[in-house]
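Residue numbers (the numbering used here): 870 to 939.
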């Protein structure tokens, strides 16, 4: 399980990749693919589909805020 420092660095890498693509005029899908690539550069052992799920959850939290269950 990743520690907080690793999670924080992952979140920064994903957010930076996504934001850079969006600022360059890319559509969401292209920015999402760039964010997956950034995550997989940090975690090459993670399968693409697993990385896509992690990135989706983190990007969704960035865009909409984390879901809190009551």
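All C-beta atoms, glycine included, are put in the ideal place defined by N, C-alpha and C.
What does the alpha-carbon distance come out to for the pair residue i and residue j?
i: residue 886; j: residue 934; result: 18 Å
i: residue 926; j: residue 901; result: 11 Å
i: residue 905; j: residue 921; result: 6 Å
i: residue 874; j: residue 912; result: 14 Å
i: residue 895; j: residue 872; result: 32 Å
i: residue 914; j: residue 893; result: 29 Å
With distance defined between alpha-carbon atoms, name the residue in the options nearest to residue i.
i: residue 930; options: 912, 884, 896; result: 884
Using a Cβ-Cβ cut-off of 8 Å (strictly less than) and excluding sequence neighbours within five positions of residue i, which residues of its own chain qualify?
i: residue 910; result: 882
i: residue 917; result: 905, 909
For residue i, which residues of its own chain have a beta-carbon under 7 Å away from its beta-carbon, when the five flanking residues on both sides are left out?
i: residue 890; result: 899, 900, 903
i: residue 880; result: 927
To which residues of the same chain is residue i closer than 6 Å at the C-beta, ignoring the five residues directly before and after it?
i: residue 924; result: 883, 904, 905, 908
Quick check on the DSSP output: what are the complete alpha helix (DSSP H) runs of length 4 or more inside the stretch 883–928, in order along the chain? Qualifying alpha helix (DSSP H) stretches, in chain order: 897–911.
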